[in-house]
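Residues -15 to -1, 1 to 153 in mature numbering (1 follows the signal peptide of the UniProt record, and there is no 0) are what the sequence shown spells out, letter by letter.
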Amino acid sequence: MVLLLAIAFLGYATADVQYSDSFARNVMYPLSAAAYSDQPQQCLSRLFPNSTASWLYGGRISRYFSDAFSHIWGAGMAEDFFFLQKQYPEYEVWITGHSLGGSLASLAASFLVGSHIAEPSKVKLVTFGQPRTGNSNFSETHNNQAFYKEDMRPDNYKICEGGYFSLP
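Given below as structure tokens:
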């Protein structure tokens, strides 16, 4: 699985921006071709062989998300989590995020449950606009982790419109 982000900046063009024929030929053109192939994943995997990382708890995930989660966890989140978990052992762990944050939230929930740091019954995960974080093996393993069991029923989803909560 390859995470591809195209970002367009509107603003001033500067003389520092230069066209790179190598980038166009070796990255952008193959990406365009892969989009229209019968098997884009094979093409992308061949072009970008180091774009995924093995996830300890099943499957492969985007290296970008793997590196981001590892960095955040090691840069203080682990210490904060263990401190709060010790101070409030009866509390549930609510994890949420949007877009990139949704993928990181998903990895955090999987990590906490998979490494037995938090009880599965105490972990609640809700993401919004989460991009595809891993391959089908990751997805299957993730969906089988206990924090998904009975919580994800359509009648549990709440919608806020005009300041009032309602069921869809």
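Glycine included, C-beta positions come from ideal geometry on N, C-alpha and C.
Which residues in the same chain as residue i place their Cβ atom closer than 6 Å to its Cβ, once the five residues preceding and following it in sequence are excluded?
i             : result
proline 25    : Ala19
tryptophan 79 : Lys109
alanine 93    : Ile80
In whole angstroms, give me the CA-to-CA distance for residue i and residue j.
i             : j             : result
serine 22     : glutamate 104 : 44 Å
serine 5      : serine 91     : 36 Å
methionine 13 : serine 106    : 45 Å
glutamine 27  : proline 34    : 10 Å
glutamine 3   : alanine 53    : 29 Å
serine 7      : proline 15    : 12 Å
proline 116   : glycine 86    : 9 Å
glutamate 75  : leucine 69    : 11 Å
serine 121    : serine 88     : 15 Å
Grab the span of the alpha helix (DSSP H) containing residue i for me, first residue to last.
i             : result
isoleucine 46 : Element bounds for isoleucine 46: not the alpha helix (DSSP H) but the beta strand (DSSP E), 45 to 47.
serine 17     : 14 to 20
arginine 31   : 25 to 32
Using only alpha-carbon positions, find the residue among the options that is nearest to residue i.
i           : options                 : result
serine 55   : Gln70, Phe68 and Ser39  : Ser39
residue 236 : Met62, Glu75 and Ser36  : This structure cannot speak to residue 236, because the chain is shown only from -15 to 153.
arginine 45 : Ser95, Leu32 and Val111 : Ser95
leucine 32  : Leu41, Gly43 and Arg10  : Arg10
For the beta strand (DSSP E) that contains residue i, what are its first and last residues?
i                : result
phenylalanine 66 : From DSSP, phenylalanine 66 is part of no beta strand (DSSP E) but of the alpha helix (DSSP H) over 63 to 72.
valine 111       : 108 to 113
valine 78        : 78 to 83
Quick one: what does DSSP say residue i is sitting in, helix, strand or coil?
i             : result
tryptophan 40 : coil
threonine 126 : helix
So, at 7 Å on beta carbons, what are the nonlocal neighbours of residue i in its own chain, with the 5 sequence-adjacent residues on each side left out?
i            : result
glutamate 77 : Lys107 and Lys109
leucine 97   : Val78, Ala103 and Val108
With a threshold of 8 Å on Cβ separation, who are the neighbours of residue i within its own chain once the five nearest residues in sequence on each side are excluded?
i             : result
serine 84     : Phe113, Gly114, Gln115 and Pro116
tryptophan 58 : Ala93 and Phe96
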